[in-house]
Structure formats: C-alpha cells, structure tokens
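> I am attaching a structure below and will ask some questions about it afterwards.
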Amino acid sequence: MTILAALNKAYGRMQDAAPFGYSQEKIGFLISLNDDGLVASVTDLRTGEGKKKAAPLMPVPRPGKRTAGIAPNFLWDKTSYVLGVTAGEGKRVLEEHKAFKERHLESLANGDDTGLQALVRFLSAWKPERFDELGWSEEMKDQNIAFALEADRHARIYLHDRDAARAIWARLAAEGDKTEAICLVTGEMSPVARLHPAIKGVWGAQSSGASIVSFNLDAFTSYGHEQGDNAPVSEGAAAAYTGALNKYLEAGSKNRIQIGDASTVFWADASDAETTELAEDIFAVGIGGANEKIETELVGACLTRIRHGEPMADIAPQLTKGVRFHVLGLAPNAARLSVRYWFDNDFGVLAGNFRRYFTDMQIAPPPRDPFPGLWRYLTETAVLGKRENVPPNLAGEWLRSILTGSPYPQTLLATVLMRTRSDKTVDALRAQMLKAILIRNFNREVPVALDLENRNKGYVLGRLFAVYEQVQTAALGSKVNATIKDKFYGAASAQPRKVFALLDKGSANHLSKVGKQSPGWRINLERSIASIMAIMEPADDPFPSSLSAQEQALFAVGYYHQRSEFFKPKQVQDTESEGDE
Amino acid sequence: MSYGIRLKVSGAHACFTRPEMKVERVSYDVMTPSAARGILEAIHWKPAIRWVVDRIHVLEPIRFQSIRRNEVGHKAPAGKIKSAMKSGSLEGLHILVDEDRQQRASTVLINVAYVIEAHFEMTGKAGPEDNPAKHADMFSRRAASGQCFHQPCLGTREFPAAFELLPEDAKLPVAIAEDRDLGFMLWDIDHAVAGRPSLFFRARLDKGVLEVPLPDSPEIRR
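From first to last, the protein sequence lines are chains X and U. Add 7 to the 1-based position in the first sequence for this note's numbering, that's all there is to it. Add 111 to the 1-based position in the second sequence for this note's numbering, that's all there is to it.
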C-alpha cells in the first residue's frame with residue numbers, strides 16, 4: 008500500500024477524527040457573548056501550570072493554509088485576527104483584524120441565528136483598544152480564540168458547533184473553483200486539493216507546519232501544472248492523511264519515536280483495539296526502549312521471548328494473522344518533509360526481523376538496560392553524545408535495515424570505530440553494534456561471550472590490551488590520570504606493531520610492583536598474559552602493522568569481553584569459566 | 112497484428128518517482144508502465160508506431176536507499192528565454208546556483224532488473240511503406256546491437272539502464288516470488304487531453320509480475 012493510502016485508512020479508523028471540513032486545533036481562550044453582542048466573560052481553556060499551559064484540541068472549521076498572505080479562519084483565529092492585538096510588534100495586525108471582520112460580516116450578515124448575530128454585533132462594535140480597557144490578561148495575546156453564547160458556554164457548545172454555523176461552513180468550504188481529477192489515493196474523481204494541510208510536530212521542521220506534498224518552487228513542478236495539480240489528491244484524502252499524521256505526531260502520542268533526526272510514526276492495522284495496541288507497544292519498546300507510558304511487563308515478556316527465538320505463534324497468536332504494521336520515518340528539510348523510510352508488512356515479518364536484530368546484538372555481559380532504545384545506540388555514534396550530531400542518513404538507514412532485514416549501513420562501522428578511537432571507551436552498546444555489523448554484513452562468527460579459543464588477531468590483541476590495562480590498574484591503582492587505554496587505545500587497535508612492544512615493556516614494570524605486595528596476584532596476571540600469547544602463532548604475524556576495520560571491531564569486542572571478565576564476581580581460580588549472563 | 116518483444120533492463124539505481132512525493136523523491140516499488148515505454152522509445156520509435164506495455168517482471172528483490180542531493184529551486188523560464196532571443200542579449204538570463212540551493216532527499220531503488228513485455232500498434236501517422244514487421248525488425252536489430260537514440264534511463268536521467276533483448280526462443284528469467292498490493296500506480300500521462308491529466312490504475316504484483324492494463328481498458332481511472 009502506498010503511504011498516503013495507508014494513512015487515509017488509518018484516519019478512517021480513528022475514533023476522534025474530526026469530520027470532513029474540520030480539523031483539530033489548539034484553542035486557548037473562549038470569549039462568551041451575550042445575545043446583544045456584549046462580552047459576557049472570557050474563559051481560559053488551557054490546562055497545566057505556569058509555562059507548560061497546554062491548550063486543548065477541539066474540532067474547528069479547517070484553517071486555510073497561511074504562509075505569507077492574510078487569510079482569516081471562520082469563527083476562530085489567533086488574537087491578531089480576532090481582536091487586533093498581538094504581544095509582539097505586529098506590522099499588519101490592523102489589516103488582519105479588518106480581514107477577519109469583513110469575512111464574517113459578509114458571510115453572516117443575513118442570517119438569523121442568535122449566536123452568529125451576536126458575533127456580528129460584537130465584531131461591528133469591537134475596537135482593538137478595548138482590549139486594554141477591559142483589562143484582559145496579557146497571556147491571551149497570540150492564543151487561538153473561539154466564541155460561544157453565554158447560555159451555551161456550560162454545555163460546551165461553541166459558535167462553530169451550532170447548526171447554522173455548520174451549514175454556512177459547509178457551503179463556504181465547498182466554494183472556490185476546484186478542478187476535478189482522479190485522486191491518486193482513492194481512485195475516484197473528486198475535487199483536487201490545491202494546498203494540503205500542514206503537518207505539525209515533526210522535530211526540526213518549521214513550527215507552523217511542513218508538507219510532504221508541496222510544489223512551492225517551479226523546479227518542482229511538471230508539465231505546466233501548478234501546486235496540487237502536479238499530484239492530484241482529493242480534498243478528503245488530503246485532510247485524512249494530514250489529520251492522521253498530525254494525530255500520530257502529537258506530543259505525548261504513543262505512536263511516535265524520535266530516531267536521530269527522523270520523527271518516526273508507526274501504527275498497526277488490526278481487527279480490534281487490543282491487538283493494535285499490543286503490536287504498537289511491542290514496536291515502541293523494541294525500538295524506543297523502555298517507556299514509562301507503556302506498561303512493560305506484558306510487552307517486555309513478548310520482546311524477551313522474541314529475542315530468544317520463539318515463533319510469534321507461541322508468544323501472541325493474535326498477532327500472527329492479518330495484522331499489518333506500518334512505520335513511516337519523516338525527516339525535516341525546512342518547510343518540507345522527506346520520507347526517510349517506509350515499512351509496510353505483516354507484523355509477523357517485523358517480529359522475525361526483530362529477532363534477527365536482537366540475535367545479532369546479543370553480547371555477554373549485556374548492557375544494564377535490557378531494552379535500550381535505538382536512540383541510545385545512535386548517541387554512541389555522535390560527537391559528545393548529542394542527538395543533533397548523529398549523522399543524519401545513518402539513523403534512517405539503520406532503522407530501515409533493522410525493519411527489512413537488509414545489511415546494516417557500512418557507515419555505522421566506520422562511525423563507531425571513529426568514536427571509540429576519540430573517546431576511548433568501549434561499552435556494551437558499542438560492542439553490540441560492532442558485533443552486529445560483523446555478523447550481518449561480513450558473515451563473520453563473533454562470540455557472544457568471552458571466547459578463550461578464538462584465534463582472530465584483532466580479538467586476541469583486544470584481549471591482550473585489556474589484560475595490560477588490568478596489570479597497570481593492579482600496580483598503580485585506579486586513580487591514574489591517564490591509563491594505557493587513554494594513551495594507546497587508538498594506536499593499539501589500528502597499528503598494533505607500533506605499540507604492543509611498548510606495552511609489554513611497561514607491563515613488566517607494573518608486574519614487578521604488583522609482585523612486591525601480592526605475589527599470587529602477579530602470578531595470576533602473568534598467567535592471563537601467557538594464556539593469550541599461547542594462542543598466538545609466531546609465524547602468523549601476531550602483531551600486524553595495521554588492522555583492517557573488521558579486525559579493529561573485533562579488537563573492541565575482545566577488549567570488552569576480557570575487561571568485563573575482570574569485573575565479574577570472583578570465581579574459583581583454576582576453573583575455566585566461560586562468560587555467563 | 113502486433114509483435115511482442117521482451118527486453119531485459121537493469122541498473123544500479125532507479126527512481127520511478129511518485130507524483131505526490133516529487134520534491135523529496137520517493138520511488139514506486141516497481142517500474143511504472145510509462146518508464147517502460149520511455150525505455151522502449153529510447154531504443155526505437157517513429158511517429159508511425161505507439162508502444163503498449165503488457166507486463167513487467169521484477170527480477171531482483173525490491174530494496175530502497177536514501178540519498179541527498181543539492182539541486183536548484185528554479186527552472187529556466189521559457190518567457191525570459193524568448194525575450195532574450197528577441198532582444199539579442201543574455202542580460203538577466205542566469206541562475207545563481209549559490210543563492211538558489213535546495214537540498215532534496217531521494218529514496219531510490221537499488222540493483223534493479225526487469226523484463227518488459229510490450230507490443231506496438233500502428234498509429235494514424237503510418238505511411239504507405241510502414242508495416243509492423245518492418246518496425247519489429249528494426250527494434251530487434253537495434254536492441255540486439257545496443258543502439259538507441261539516447262541512453263534509456265530508469266525513471267530519471269541520472270540512472271542509466273542497461274538493456275538486452277530476449278530472443279523469442281529464450282527462456283524468461285524467473286521473477287521474484289512476491290505478491291504485493293502496490294496501490295494506485297501511475298499508468299501514464301494523457302498528453303492528448305488539455306491539462307495533461309495523470310492516469311492511474313490499481314497495481315498488483317503477482318508472483319513478481321505486474322500486469323499492465325491496455326490503453327482503453329476500464330481499469331485505468333480517467
């Protein structure tokens with residue numbers, strides 16, 4: 008299914024979808040009027056405290072798309088249009104208010120509905136100076152304002168909800184010369200939307216909204232078409248797909264995750280609400296990490312069983328048949344949105360790909376968090392661990408390869424190695440990523456836990472480096488300013504021949520110092536070094552002059568395994584213990 | 112009488128852009144009939160014939176990749192060029208790329224291979240010496256020897272297509288074993304009608320084969 012068609016379908020299934028011609032907008036304040044047009048009261052509709060006051064969403068007549076022109080909305084708008092006041096220095100506030108007044112006086116003048124006539128009287132009598140005269144709160148400026156009759160205020164019937172208003176709006180919304188064409192979402196002949204409603208909530212995009220379908224510059228148009236004619240989408244379909252996206256992209260929505268710079272929305276298409284929720288939660292925790300909003304017990308159990316390779320039929324049989332899962336990644340580009348990835352397949356396929364991903368990533372000892380979100384891994388690839396520094400294409404390509412089971416992006420390997428060399432830490436997350444890339448992209452066998460028999464040069468050297476670091480800590484304590492890891496990790500992993508002779512020489516001094524205090528410990532450390540060197544073959548160039556990227560990755564994994572070995576609780580000395588969970 | 116031909120095309124990248132995602136390009140999953148027609152017309156076309164695509168076989172798994180390219184935001188306007196021709200000076204007829212940069216991301220297909228099954232029909236412009244056998248022969252000769260008017264492309268000109276004629280007795284390569292509902296796909300653009308509307312049809316991939324409706328079929332929404 009295409010992206011727009013799937014969103015169209017999802018909108019149809021939403022319960023609180025606004026009807027056609029209306030959209031959910033944040034309305035901050037309510038002005039209630041008496042029948043004669045005088046203001047009865049002003050109500051603050053926002054909830055929350057202090058700076059975090061959030062205006063509630065309500066279905067109001069759909070706003071026109073305002074980029075640079077003046078286009079008043081019907082029966083609601085921001086204060087610069089409705090009242091002619093604004094907090095900042097409004098250059099054309101007066102024109103905006105005039106346009107709002109004219110629009111309403113024109114369309115409502117000949118009616119007889121009490122509410123609408125009250126509005127007409129209010130607008131005729133209103134002057135922007137009266138705002139200060141009436142002493143209305145400064146917070147009201149630049150909020151969206153709606154109207155109601157005082158009598159209807161408690162029943163929450165706003166002016167735009169009144170029957171007369173609905174009828175007038177239905178007529179107004181259908182006006183304008185609309186060309187008819189075959190809609191590419193529904194396949195029916197219907198009026199074509201010239202401009203599509205804005206999509207708000209994408210991180211990094213303009214706050215006034217961005218568009219997936221936009222043709223604002225002439226390099227983007229074809230065959231002499233203008234704006235929406237380049238891609239005929241009916242008004243209904245345009246409202247539906249943007250409505251669905253806006254709903255999913257709301258702050259606090261359970262259907263969105265931020266991955267790098269791509270705002271990812273995901274939704275399931277199942278027969279009942281419970282299955283839908285379970286499918287979406289499994290995805291949310293699997294990719295986004297543990298989440299306070301989702302109760303992780305059932306979901307965590309499902310994920311652990313997926314991780315262990317149980318088939319979906321055993322874990323949650325209702326998810327195997329007929330559940331379609333969609334994932335859409337949107338990346339911002341000023342006022343446009345580009346589609347980073349689109350996944351649209353059975354949930355069973357997704358679960359299978361998850362299982363592959365978890366299996367690739369398995370390492371012992373595991374990271375502290377059982378389900379680190381993808382963003383945790385991505386911050387490991389970023390300079391200073393900041394989200395804005397994640398290489399933009401990398402996040403998208405990585406998620407796409409996880410969802411579709413294709414090879415991981417090659418840049419992931421290079422980026423993780425580069426960060427490891429810069430900040431000289433190999434933690435569980437980085438070791439996991441390197442292992443996963445080696446397994447999937449290069450078809451290597453990489454041990455999950457410490458493998459004492461593994462003869463790969465990179466792995467062995469990584470282990471040896473970890474032991475040398477241990478020796479230094481044993482001799483000089485852990486409060487050293489710069490350990491050999493800080494000074495030599497980069498050179499040791501990339502050009503071992505330059506460095507390992509130096510490390511061995513240094514270790515001799517450290518060992519003799521250790522020996523003076525606890526000879527037993529010294530013997531154990533020497534034994535560790537000897538056991539690693541026993542694997543090396545002198546004729547086989549055990550300290551090569553350079554290691555390839557794959558071998559550097561194995562170096563990191565070996566280093567991680569060996570180092571974690573030292574932090575395990577003490578076992579009996581002469582039992583060879585394989586790494587355990 | 113219509114002669115059917117089978118042409119295998121392949122390339123490293125392909126972008127059969129969806130009309131609704133034209134700016135930040137997203138490709139259709141499968142080659143569109145209009146792109147197939149474009150490839151055939153690049154190899155051989157005369158006003159006497161009109162190519163009609165019957166079937167498209169998908170030979171490689173469908174995989175996407177995202178790339179970002181720096182482009183410009185404006186086209187050279189036809190009116191300005193006409194006035195420059197009249198006035199004889201190039202004043203004002205330029206695009207300063209540095210001031211007009213637009214970075215556009217594209218989601219393209221990688222490593223594609225298709226077999227296009229098509230036939231051609233004679234049009235009203237066919238003269239007395241035009242007959243189907245002659246054009247079929249010309250096409251086969253040109254496709255077999257690699258001749259073309261311009262390099263055929265997979266959607267956009269920057270993704271060239273390598274083509275190979277499958278002779279009549281050769282076995283058809285096996286398509287991928289995939290069934291997919293592709294939604295509404297562009298069939299072609301109706302250049303004969305004012306406003307150049309786009310024509311869509313409901314596309315389905317059945318065992319890796321996309322059946323394309325004939326031009327006057329009711330499946331094409333107009």
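Heads up, the beta-carbon is just placed ideally off N, CA and C, and yes, glycines get one too.
Between TYR88 (chain X) and HIS111 (chain X), which are expected to be in contact by the criterion C-beta below 8 Å, what is the C-beta distance as a whole number of angstroms?
Going by Cβ atoms, the distance from TYR88 (chain X) to HIS111 (chain X) rounds to 10 Å, so no, they are not a contact pair.
> Could you check how far apart the C-beta atoms of LEU310 (chain U) and ARG333 (chain U) are, in whole angstroms? I think they sit under 8 Å.
So it is a contact: roughly 6 Å between Cβ atoms.
> Which residue comes first and which comes last in the beta strand (DSSP E) that contains ILE409 (chain X)?
Element bounds for ILE409 (chain X): not the beta strand (DSSP E) but the alpha helix (DSSP H), 399-411.
> List the endpoints of the continuous beta strand (DSSP E) containing LYS191 (chain U).
Unbroken run through LYS191 (chain U) is the alpha helix (DSSP H), 189-198; no beta strand (DSSP E).
> Contact criterion: CB-CB distance below 8 Å. Does PRO239 (chain X) meet it with respect to chain U?
Yes, PRO239 (chain X) counts as interfacial toward chain U.
> Under 8 Å Cβ-Cβ, which residues of chain X neighbour MET142 (chain U)?
Ordered by position in chain X, no residue passes the 8 Å Cβ test against MET142 (chain U), which lies about 16 Å from the chain.
> Give every residue of the same chain whose Cβ lies closer than 7 Å to the Cβ of MET112 (chain U), excluding the five residues on either side of it in the sequence, and list them in chain order.
Confidence in MET112 (chain U) is poor, its pLDDT being 44 and thus under 50, which makes the residue's placement too unreliable to answer from.
> On the DSSP letters alone, give me the boundaries of the beta strand (DSSP E) that LYS33 (chain X) sits inside.
It spans 29-33 - the beta strand (DSSP E) in which LYS33 (chain X) sits, taken as one unbroken run.
> Any C-beta of chain X within less than 8 Å: which residues of the region 280-296 of chain U qualify?
For the region 280-296 of chain U, which is checked against every Cβ of chain X, the residues closer than 8 Å are ASP292, LEU293, GLY294, PHE295.
> To the nearest angstrom, report how far apart GLU583 (chain X) and LEU457 (chain X) are at their CA atoms.
In this prediction, GLU583 (chain X) scores a pLDDT of 43, lower than 50, which makes its location untrustworthy; no coordinate-derived value is stated.
> Could you please give me the residues that DSSP links to PRO198 (chain X) through a beta bridge?
DSSP, once it has assigned bridges, lists X:GLU187 as partnering PRO198 (chain X).
> Below 8 Å between beta carbons: does that hold for VAL219 (chain U) and ILE178 (chain U)?
In contact: VAL219 (chain U) and ILE178 (chain U) (Cβ atoms closer than 8 Å).
> On the three-state DSSP scale, how would you describe VAL225 (chain U)?
The displayed chain sequence assigns Tyr, not Val, to residue 225 (chain U). Here TYR225 (chain U) sits in strand by DSSP.
> Identify the contact partners of GLU352 (chain U) in chain X, using a Cβ-Cβ distance below 7 Å as the criterion.
Residue 352 (chain U) is absent from the structure shown; chain U starts at 112 and stops at 333.
> I'd like to check one pair, HIS302 (chain U) with GLY115 (chain U): are the Cβ atoms closer than 8 Å?
No, Cβ-Cβ distance for GLY115 (chain U) and HIS302 (chain U) is not below 8 Å.
> Who are the near neighbours of VAL137 (chain U) in its chain, counting only those whose CB is closer than 6 Å to its CB and skipping five residues on each side?
Closer than 6 Å at Cβ, skipping near neighbours: ARG129, THR218.
> If the cut is a Cβ gap below 7 Å, which residues of chain U does GLU404 (chain X) touch?
Those within 7 Å of GLU404 (chain X) in chain U are SER177.
> Any idea what DSSP makes of LEU90 (chain X), helix, strand or coil?
Of the three classes helix, strand and coil, the one that applies to LEU90 (chain X) here is coil, per DSSP.
> If you measure from the beta carbon of HIS185 (chain U) to each beta carbon in chain X, is any gap under 8 Å?
HIS185 (chain U) counts as touching chain X.
> Answer yes or no: does any C-beta atom of chain U fall closer than 8 Å to that of PHE273 (chain X)?
Output row for PHE273 (chain X): interface = no.
> TRP162 (chain U) bridges to which residues according to DSSP?
DSSP, once it has assigned bridges, lists U:PHE231 as partnering TRP162 (chain U).
> Buried or exposed: PHE273 (chain X), going by 16 or more other Cβ atoms within 10 Å of its Cβ?
So PHE273 (chain X) counts as buried.
> Is the separation between the beta-carbon of GLY91 (chain X) and that of ASN80 (chain X) shorter than 8 Å?
No.
> Hey, could you find the ends of the alpha helix (DSSP H) ILE446 (chain X) is sitting in?
It spans 435-449 - the alpha helix (DSSP H) in which ILE446 (chain X) sits, taken as one unbroken run.
> Taking ILE313 (chain X) and LEU381 (chain X) to be in contact with their CB atoms under 8 Å, please state how far apart those CB atoms are, rounded to whole angstroms.
That pair is no contact at about 16 Å.
> Against chain U, with Cβ distances strictly below 8 Å, would ASN253 (chain X) count as a contact?
Cβ-Cβ to chain U under 8 Å: no for ASN253 (chain X).
> Express the C-alpha separation of ASN340 (chain X) and ALA269 (chain X) in angstroms, rounding to a whole number.
Cα-Cα distance, rounded: 11 Å.
> Rounded to the nearest angstrom, what separates PHE175 (chain U) and ASP548 (chain X) at their Cα positions?
Cα to Cα, the separation comes out at about 41 Å.
> Determine the direct distance from the alpha carbon of GLY243 (chain X) to that of ALA12 (chain X), and round the result to whole angstroms.
Their backbone Cα atoms lie some 12 Å apart in a straight line.
> Residues of the region 210-231 of chain U in Cβ contact with chain X at a cutoff of 9 Å, in chain order, please.
So the close ones are ASP211, GLN213, GLN214, ARG215, ALA216, SER217, THR218.
> Using a cut-off of 8 Å between C-beta atoms, extract the partners of PHE311 (chain U) located in chain X.
Simply ILE189, LEU191, GLY194.
> Within a Cβ cutoff of 6 Å, which residues of the same chain sit near ALA560 (chain X), ignoring the five residues on either side of it in sequence?
LEU441, LEU445, listed in sequence order.
> In three-state DSSP terms, what is PHE274 (chain U)?
Three-state DSSP puts PHE274 (chain U) in a strand.
> May I ask which residues mark the beginning and end of the alpha helix (DSSP H) holding PHE495 (chain X)?
Here the alpha helix (DSSP H) through PHE495 (chain X) covers 491-501.
> Quick one, are the C-beta atoms of HIS232 (chain X) and SER218 (chain X) less than 8 Å apart?
Taking 8 Å as the Cβ cut-off, HIS232 (chain X) and SER218 (chain X) do not qualify as a contacting pair.
> Please state whether DSSP places TRP274 (chain X) in a helix, a strand or coil.
If DSSP states are grouped into helix, strand and coil, TRP274 (chain X) belongs with the strands.
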